[in-house]
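Novice: So in the numbering used here, spot 92 of the sequence shown is number 96, and the numbers just go up one at a time.
Backbone N, C-alpha and C define an ideal beta-carbon position, used for all residues, glycine too.
One structure coming up, written as structure tokens, with questions to follow.
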Amino acid sequence: QMSKLSAVDIDSDGVFKYILIEVKDGGKVTTCVRGHAWAEYHDDIFQDFLSGLTDPDSASCVGGGRINHDSKNKKLKVYGYSQAFGRGDHARAVELIRSKYPDYDLSWSNEGY
5 QMSKLSAVDI
15 DSDGVFKYIL
25 IEVKDGGKVT
35 TCVRGHAWAE
45 YHDDIFQDFL
55 SGLTDPDSAS
65 CVGGGRINHD
75 SKNKKLKVYG
85 YSQAFGRGDH
95 ARAVELIRSK
105 YPDYDLSWSN
115 EGY
């Protein structure tokens, strides 16, 4: 199931909640970023992610926050935290997002909610 997992799946614009997910497959761990404006709660995103896995027990949410994605100006900021899952490793999230948006101005902060 690892090969089907894209590292980054986030909305193309706007401010929205995001989560970091670790998926274990044998000895290998893949970290994924998911962020969507439709989600009222961070757990909504996680449940949606789990529904697409053949083995939902292999995944754990390791934190979250918010993303401000300004596609017009190619800027993206990761910040805040998730009440359900705690603060995500925003630096790790930015590192993963950079692979999908290499020409962006990316930043992160532990400020905000």
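Between the Cα of ASN77 and those of ASP59, TYR108 and GLN87, spot the shortest distance and give me the residue it belongs to.
Specialist: To locate residue 77, count along the sequence shown from 1; it is residue 73. For ASN77, the nearest C-alpha among the options comes from TYR108.
Novice: On a CA-only basis, which of ALA63, CYS36, LEU80 and ASP52 is nearest ARG96? Give me that one, please.
Specialist: On the sequence shown, residue 96 is found 92 positions in, with the first residue counted as 1. Of the candidates ALA63, CYS36, LEU80 and ASP52, the one whose C-alpha sits nearest the C-alpha of ARG96 is CYS36.
Novice: Can you give the Cα-Cα distance for HIS40 and ILE49, rounded to whole angstroms?
Specialist: Reading the sequence shown from its first residue, position 36 is the one you call residue 40. Reading the sequence shown from its first residue, position 45 is the one you call residue 49. Spanning the two alpha carbons is a distance of roughly 7 Å.
Novice: Rounded to the nearest angstrom, what separates SER111 and LEU9 at their Cα positions?
Specialist: Mapped onto the sequence shown, residue 111 falls at position 107. Mapped onto the sequence shown, residue 9 falls at position 5. Spanning the two alpha carbons is a distance of roughly 24 Å.
Novice: Among the residues of its own chain, which have a CB less than 8 Å from the CB of ALA11, if the five just before and after it don't count?
Specialist: Within the sequence shown, the letter at position 7 stands for residue 11. Here the set comprises THR34, THR35, CYS36, VAL37, LEU100, SER103 and LYS104.
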